[in-house]
Structure formats: C-alpha cells, structure tokens
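Read in the numbering used here, the sequence shown has 1520 at position 278, and its numbers run on one by one without any break. Just so you know, even glycine gets a beta-carbon here, dropped at the ideal spot from N, CA and C. The structure displayed is predicted, hence computed values, not measured ones.
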Amino acid sequence: MTKIIDGKLISKQIKDEVREETRILEEKGIRLTLAVVQVGEDPASTVYVRNKQKACEYTGIASVKIAMPAETTQKELLSKVRELNEDSSINGILVQLPLPKGLDANEVIRAISPLKDVDGFHPQSVGALSIGLPGFKSCTPAGIIELIKRSGIETEGRECVIVGRSNIVGKPMAMMMIRENATVTVAHSRTVDLPAVCRRADILITAVGRAKMFNREYVKPGAAVIDCGMNRDENGKLCGDVDYEDVFPVASAITPVPGGVGPMTVAMLMKNCLDSARIQGIV
Ligand code: GUN
1243 MTKIIDGKLI SKQIKDEVRE ETRILEEKGI RLTLAVVQVG EDPASTVYVR
1293 NKQKACEYTG IASVKIAMPA ETTQKELLSK VRELNEDSSI NGILVQLPLP
1343 KGLDANEVIR AISPLKDVDG FHPQSVGALS IGLPGFKSCT PAGIIELIKR
1393 SGIETEGREC VIVGRSNIVG KPMAMMMIRE NATVTVAHSR TVDLPAVCRR
1443 ADILITAVGR AKMFNREYVK PGAAVIDCGM NRDENGKLCG DVDYEDVFPV
1493 ASAITPVPGG VGPMTVAMLM KNCLDSARIQ GIV
C-alpha cells in the first residue's frame, strides 16, 4: 500500500506544537513578533503574506506587516531592514520575495540580522547549516525533513536524489539530508540520463517547477517520493513536478500536490519564529 504523506495534517501538528510553546513563553511574559515586509502589490505575494499572518495568529505569534510601495528604493528598503534589526520588539524579519524590478534581493537578505533571519536565507544561516552550527534553516527543506521523519521514512545510509539546485530548496535540502546520514546526489537540468539517476533513489525529492515531469520511469519501485513542485497542468489545475497518478502505484510513499510539501513551509516559518527566542538568548 502506498502511503500518502499528509502535509496538511503534519503542518497542523507542528503549528499546534508551536502554539503550545508560545503559550508557555507567554506565561513567562515573552511574546514573539514577526515582521513581514512586502514591497509592491504582487497578488501571489499578498496571498503568501496573508497566510503567514494567519499562521502567526493561530500559533500565538504577533505579526506586523510593513507594506512598502513598488517604487521603494534599495536604500529605503535597507534602511527599513536595519530599523527592524535594531528594534528589540521584533524577533523575526522576513522580506517577501520576489522584490520588484530594480531591487537587489541578495543585498537585502544580507542586511537582515542573522539572529532574526527566520527565512534562513542569510549567508551566515546557510553556512551554519553546512557545518552543523545552530542557526535558522530554510523553511521548505526543513519541512521536508519533518515530513520524512514523521512518516517513519528511514534516511540512514539510504540513497537520496534531489532534483533541483536552488538556494532555497535544492542546496539546503542536500545539506539537511547529509545531516540525516543519507547518501545524497543533487541532479539538475544538465544531468546526463536523469531517469537513471533518479531510479537510484530510495528517497526522490523533486524541486524543478515542471508540471508532471517525473513519471514512473524515474522512480525505483518502493521509493519515497517528495514533490516540491507547485505548477498548473494543461487544464489549469494545480499539480506537482511528479505525475502523481502514474507514480502512485510504484512508490512506497508520496506527497500530494496540493497538501504535501506546500503547507509545511509556513509551519516551519512558525517553528523558526519560536526558535528565534533561543537564538536571541531570550530563553
Ligand atoms: N517567496 C516565495 N516563498 C518565499 C519564502 O519562503 N520566503 C520569502 N521571503 N519569500 C518567498
């Protein structure tokens, strides 16, 4: 029987755990606050930001939204980030990406204090993850680790193939799977004979953004398949990178889209906000 990995359920468990922890902090007089900066009015970003604020409400974390116009200059944005760095009432800072044209996201990320970098995008956070030091971890790959662990999927010594090498998913995912003692391969668009490489995987993680690209030809029978894709198929319906119907009968476990990896990102953001108290030495 193929196990469907229920990201909606697991993300709720994590948010409930965070809620319990924030309640305990509140009894000690500590209330955590996340600042979310949105520049411009990209409709998708507005939805993401609203979801983050809703998750904050659910978990008992205060949130402040800082809406800046699309014409904001790099200097103005950097100055806002620095102000939030200095503000002791703010524990986490998140600048919603993508930024409008003309703004340099890398410079903005570098300006965020690593002590408040709840997205885990700062070079210091990425470096800390690579060498096993404490720090914030990128939310989507950290969420995938939770999905794997809470579904009882063994990682120790097993072959993990990650397809995609982005800074936000593929690369940090590789670091985290190494920490879980998996044998890790990172494949990408230039990989020769991608189906054969993917068929080595006991755990296959896809993060390429191409609708239903991975059919059963890419999957070893009994593999666990984790799909980070969020695409639209030819009928405009939400789908992943994996051809779910085709792969389902061969996989031992699989994440659906929607309802798999997607809900984990915000849950792990809440977990990072909670961890900010420890990272900042408040608890
Ligand atoms: N845009 C899409 N996903 C994310 C994310 O996880 N963090 C930020 N800051 N922007 C995003």
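In this structure, DSSP gives residue 1427 an extended state, which the three-state scheme calls strand. Here residue 1333 is buried. Its C-beta has 16 or more other C-beta atoms within 10 Å. In this structure, residue 1423 lies away from residue 1388, with their beta-carbon atoms at least 8 Å apart. Contact between residue 1357 and residue 1522 holds: their C-beta atoms lie close to 5 Å from each other, under 8 Å. Cβ-Cβ distances below 7 Å link residue 1469 to 1448, 1482, 1483, 1484, 1497, 1499, 1502, 1503 in the same chain, with the five nearest sequence neighbours on each side left out; the list follows chain order. The bridge partners DSSP lists for residue 1495 are 1245, 1466. By the neighbour-count definition (other C-beta atoms within 10 Å, threshold 16), residue 1331 is an exposed residue. When the beta-carbon positions are compared, residue 1427 and residue 1411 stay at least 8 Å from each other. For residue 1294, the secondary structure class from DSSP, reduced to helix, strand or coil, is helix. Taking 3 residues as the minimum length, the segment 1348 to 1379 contains no beta strand (DSSP E) run wholly inside it. The three-state reading of DSSP puts residue 1253 in helix, counting H, G and I together. Taking 8 Å as the upper bound for CB-CB distance, residue 1494 and residue 1244 are in contact here, some 6 Å apart. By the criterion of a C-beta distance shorter than 7 Å, residue 1407 is surrounded in its chain by 1413, 1428, 1430, once the five residues flanking it on both sides are discounted. In the three-state scheme derived from DSSP, where H, G and I count as helix and E and B as strand, residue 1281 is classed as strand. For residue 1318, the three-state secondary structure derived from DSSP is helix. The beta carbon of residue 1459 sits closer than 6 Å to the beta carbons of 1437 from its chain, once the five residues preceding and following it are set aside; these are given in chain order. In this structure, 1276 is the residue among 1276, 1490, 1516, 1302 with its C-alpha nearest to the C-alpha of residue 1308. For residue 1307, the uninterrupted beta strand (DSSP E) run begins and ends at 1304 to 1310, by DSSP.
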